[in-house]
Amino acid sequence: MFYVKIRLPEDISHDLHLRITFHSRKPYDKGRPEKGPFALAHIRLMCKSVLVPDGDHDLVLRDLGNTTNKPHSSVFSLSEKSSVSINTLICSTLLTQNEHILNVLGWRCRNFGASQPLRFYRESRPNLNSSLIMLAAPFGDTQEEMIRFLCPLLDALFELWEEREQLELPVFDVIIALFKLTEEQVNSTGADSLKKYLDRFPYCNAAVKLMRCLNHYIASASTVNNEKTRNLFKVLGLVFRTVVQSKRSGDNFFDDEQYTQQFRSQLDSVLDSKFFIRVMNGFGKNIVARERLGMVSQLIDTHLFELQSCRAILLPRCIDLVLVQLDPDLSEEREFADRAMECASIIGRLLERLFPVTTSPPFYQYGTDEELNLILGGTYRPLVLAMVYIGEQRQSTDEIRGRFFSLILALLNKMSAEIFGKYIENRPNDIDKMDFILEMLQMIRDLLCKCPFPSTWHQMIMLQNKTIHKALRFLMNAIQGHFSNEKERFYSDIWQEYMLTAVCFVTQPSLQSSEEWLRDESDSRIQLRKGTARDLRSMWFRLTRMFAFLFAEHKSTLHPFFSAVQKMAYIPRLVGAFLKVALVEDDETREATIPIFFDMMQCEFHSCVEDRKNFKKFSDELITQLDSLVDQDRGTRAFQEQFTKILKSQCQSDKELWEGGGRDLIDRVDRLLGHIFEYRLVRETSDCIENGMSRTVQLLRYYEKYRHHNLYITYVYKLYNLHMTYNNQIEAARALLLYANTLSWNDTELDESLIARRLNRHCAVERQLKDSLLCEAADLFAEGEMWEDAIKILKELLPVYEIAYVDYDKLASLMVRIAELYRKIDRENRAFFYYYLVAFYGKGFPSYLNGISFVFRSDKLERHADFMQRMQQIYGNPEAIMSMDDCSHLKNSPGRYMQVFNVDPIPTTCPFNDAHVNPAIKDYYRHYNIRDFEYSRVEERKGTKWTSVKDSELMRTWIVKRTVVTYERLPGILRSTQIVSTSPPIYVNPLRRSVDQMQKKNTELMETALLVLLNRTHAVKKLSGEILGVVRPAVMGGVSNYEVFFSDECSRIYDSEEKQLAMHLSALIIEQVEILEFCLYAHATRTEITKQFHDHLVEGFYEHKQYVEDKFGRTVKFAVYYSGNDPLELVYTLWEDWVTKLLRKHGSFKLNWYTELEIAWSCYRIDHVEHADYLQKVEFEQRCKFLIIAIIVRLNIFLTI
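According to UniProt numbering, the residues represented by the sequence shown are 1 to 1201, in order.
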């Protein structure tokens, strides 16, 4: 494919053609002379001033025969084997490919003259006429060509008009077609060219001819030329503009009276308003709505609307045509939105023409009040209804709403109080008046709630607010004037709608914004807000005056509290609305609104029966709305202070109300606002999650105390969600139990508010929801390894499915779960929490933390250093206090200080006191559900009676101990709980400290041995270390340190209590030897222990035992150690041990020895439990024999292993 660019000459006066020749040249012919072409083709580029059309062209290829033939020779033949095709693209601003445009542009060159034969003239006339007809209805490329040659074409057409009167109508059709093309959006450049062209329009006679053709088509529109008439009306504005420009040009060049009279005659015929009315009335069904509206739009832009006499005739008919298109019942549904938009544009243009914002030249005549009243009365309500209909059909967009609202605001802005009053008065009845007022109020609320204008349209939004404020004043006067004079004419709905709309206006974001652009307009915003708030208050208290008037007029029929009873219809519903206004950040607005709440309290209080006076509906709604609105970032502490101050001063004026609950309500609301503002501050500042949870619990307890059930449940779920977010399973389970405890096992339907907020967990009745909550709580407890609490919950479900709702399948699954949890308690090791006291000091902390101490639970096995680091990260890196002393003096310091140290849980009462119970079972009562804690510090004292006996570290060391009691048990609904009391310091002397240490050590030894003996998976390494630390004390000295307490010097300084302690210490030391025997037996049951190491422990034990017996007294065998030599020795030792123990405990053989033997049986883990039933029936001596045999069997098994 080859690309060839050809430049045509600028002055073309004849036809052109392009000749293409084909040559053949081979590589080896380089030195030879060139031969002639072997083929030839040609194409006409221009014929009769018409360029060849763009596109593909197949050319005729001619064979030149032999090489001797020359291109100009006539010896050519068509090529049968070859062909050629070309594609042409013309780029020219002077030439066109359209023959009809060329005919019009070159009409003068083709005109009949002396030098031209008569035949050419006869051929050219029909050619020109047909070209005009074709250009009058252009399509395709012709339209683009006409726009490109717009100005030359218009020049040629108007010149042709001057000399060819017989072509007047065809030329007019082409002019109208050109005007119509420039009106299309795609031809915006053509519109600009036309505007420039008309600004320098030179043709003086065009005005007369245009009006003459216009009259012709209008007159014949009802019979023929209907399509041409429609096209004419579409560009009527351009036609009249051309007429005006032509008349101005004629005034500059002509001073002829005949010209003026001729123009006036044609103008009068066109400007006959009644004629236009007849035209509009004569529109047939074939005239579509778009064309009718187009004609009205063009007509408004004409100078006819500058004359009041013409407007008086045309305006009503134009409005009627628009209203027909605004009626959805008379228009097609799919086109209604587009037609309504066109109608809105027409009405907007009408307002701009008749009531412009800026003044026009002196000759311009403005619209009158009567015309404004006609426009407003005719178009306002249809526009609103059309907008509503479009919205219901889901065809509305921000652009459509913005267009309609702009126009409606413009209409409202043109209204005066007098016009609005007349409009209301002209409504035929009260129902119609009320419908109109309600429609306007709802429209204003829709505009305020869903503003269609971008937030950056600052001036538009401010103009909107000023207009709406004016409309609200009109509406308030209308409501007070028409619906408050007589009882039967009072409609509560219309008063409520007004007040809700006023609330919406006062609380809209554009009046609350503190953005930079609003600072210049701040005075206007404040005045609009204050003015509307005062109007709102006036409307509320107008009810009192109105009903007082009614009471005076109808004393015999009305109740003394008639006004209060009437207001009761608003009290539950409008509390939240008025509260929104009161929460606005403006003192005067709050001052105008808060007294309404006191009036509501009075109305409800005095409308109740004498002995049951209250304002429960008001108070419940007030608290509910406060929680919701303040949580939505409304209101500040200033509202809290002003609300309390104003309401308290007004309530005190009504002593009965004040004493009947007013004082309590004000105090409750004041506390609630403090809690909510703290909660909001934590949420807004992204403070630590612990503060967020504590503020949530504070509100939860508040609502529980005052029985606001729905709010209570809301905050229970908020707390639950926070715990689940931070993986606090135990606390989340506690939160669910709070909710579950409020439900019953009945099939009571759940409250609709729970279902609406999706808090029902897909349940319909309370029983289902409670079951769901308890099951999830049990799962969470199991995940947090609080298996005992999970069992407790599941046991609560057992009787429900066993007795109340018989469901054995569910019962069986619950029992299986309970069995699994019991097995976990007995066999699995679990890590426990540590507890830390955390105290906050300094003004850098919130008031609810400063100077307050808490007990926190840690993560499992979280040591002090890790816990301290985590707390500092959570609370903003406060300075750490490393001592355990009281630091309350730091409370008023400017910084932040945190004190953290360990506290030990004081175990709750364990129902299993027997020493042989698995310690894993007892651990639950030592680490969970704890409320009492203790902490201690070491204090070294010299010069005491103890150091007088012996000045050693043991005798100098005292313990200072304190006990704290918390508000709730831990773990609870929070990871922390506040300390409510702290005991005075308890000073522990060296003797008491030694007794405590010895008792603690004995308990640890016994429990460790039991764990090793009962749980084969429990590591024995810890037991080995503990035994070794007692029998072979390397550094600390062991029990030898306690010899001093049994010296003669000590015995002389003891008081009676201390003597008992010394005796108890001796008993503990002796008991420890017995426990060590049992520990050695447990130690020997493990195969992973080497015999050499075990023998080392046994040897140490003998030495320790001998030492204890020498110093403290003879020991008694408690358990058995096994040296590994003689199995029978073990059997007899066991027998002697248990009989001796039972004799020491009971004094003689009794039947309850069976219980002791059962304990022994379980303690030594005898495997033959299938003989248990038989053993219960035999005599005691025989049973003991079975016991010995079982132990032997057990020992043989052990030795085999």
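Using N, Cα and C, we set each Cβ at its ideal position, and we do this for glycine too.
Please say whether residue j and residue i have beta carbons closer to each other than 8 Å?
i	j	result
residue 37	residue 64	yes
residue 539	residue 495	yes
residue 204	residue 168	no
residue 897	residue 841	yes
residue 1082	residue 1023	yes
residue 752	residue 765	no
residue 242	residue 305	no
residue 843	residue 894	yes
residue 138	residue 177	yes
residue 995	residue 1061	yes
residue 987	residue 958	yes
residue 186	residue 132	no
May I have the straight-line CA-CA distance separating residue i from residue j, to the nearest angstrom?
i	j	result
residue 505	residue 431	26 Å
residue 815	residue 798	8 Å
residue 1102	residue 864	40 Å
residue 179	residue 424	45 Å
residue 248	residue 170	25 Å
residue 158	residue 206	7 Å
residue 772	residue 809	16 Å
residue 531	residue 671	31 Å
residue 217	residue 209	12 Å
residue 420	residue 442	17 Å
residue 211	residue 266	6 Å
residue 307	residue 367	10 Å
residue 350	residue 344	10 Å
residue 826	residue 1097	29 Å
residue 1153	residue 1070	For residue 1153, the pLDDT reaches just 41, beneath the cut-off of 50, and the residue's location in the model is therefore unreliable, although a value from the coordinates is still provided. For residue 1153 and residue 1070, the distance between alpha carbons rounds to 25 Å.
residue 656	residue 850	40 Å
residue 297	residue 342	9 Å
residue 1002	residue 1074	10 Å
residue 947	residue 965	34 Å
residue 386	residue 630	38 Å
residue 741	residue 926	26 Å
residue 1114	residue 932	39 Å
residue 86	residue 9	21 Å
Measuring alpha carbon to alpha carbon, tell me which of the options ends up nearest residue i.
i	options	result
residue 761	572, 708, 736	736
residue 623	707, 755, 606, 729	707
residue 892	869, 884, 847	847
residue 25	17, 1006, 35, 1037	35
residue 665	471, 676, 909, 648	648
residue 739	775, 345, 727	775
residue 422	482, 468, 469, 466	482
residue 805	786, 444, 745, 756	745
residue 534	484, 596, 877	596
Please report the Cβ distance between residue i and residue j, rounded to the nearest whole angstrom; I am assuming they are in contact, meaning their Cβ atoms lie under 8 Å.
i	j	result
residue 860	residue 831	4 Å
residue 900	residue 835	Not a contact, Cβ separation roughly 11 Å.
residue 321	residue 292	6 Å
residue 1262	residue 978	Residue 1262 lies beyond the stretch modelled for the chain, which goes from 1 to 1201, so this question has no answer here.
residue 567	residue 543	6 Å
residue 697	residue 673	Rounded, the Cβ-Cβ distance is 18 Å, inconsistent with contact.
residue 1047	residue 949	7 Å
Segments assigned beta strand (DSSP E), at least 3 residues, entirely inside the stretch 139-202: none
Within the stretch 995-1074, ranges of the alpha helix (DSSP H) (whole runs, at least 4 residues): 1021-1031, 1048-1053
In chain order, each beta strand (DSSP E) run of at least 3 residues that lies wholly inside the stretch 773-844: 833-841
Segments assigned alpha helix (DSSP H), at least 4 residues, entirely inside the stretch 282-365: 289-300, 308-325, 333-354
3-residue-minimum beta strand (DSSP E) runs that sit fully inside the stretch 853-930, ordered along the chain: 853-860, 879-881, 897-905
Ranges of the alpha helix (DSSP H) found wholly within the stretch 650-734, counting only runs of at least 4: 663-684, 689-705, 709-725
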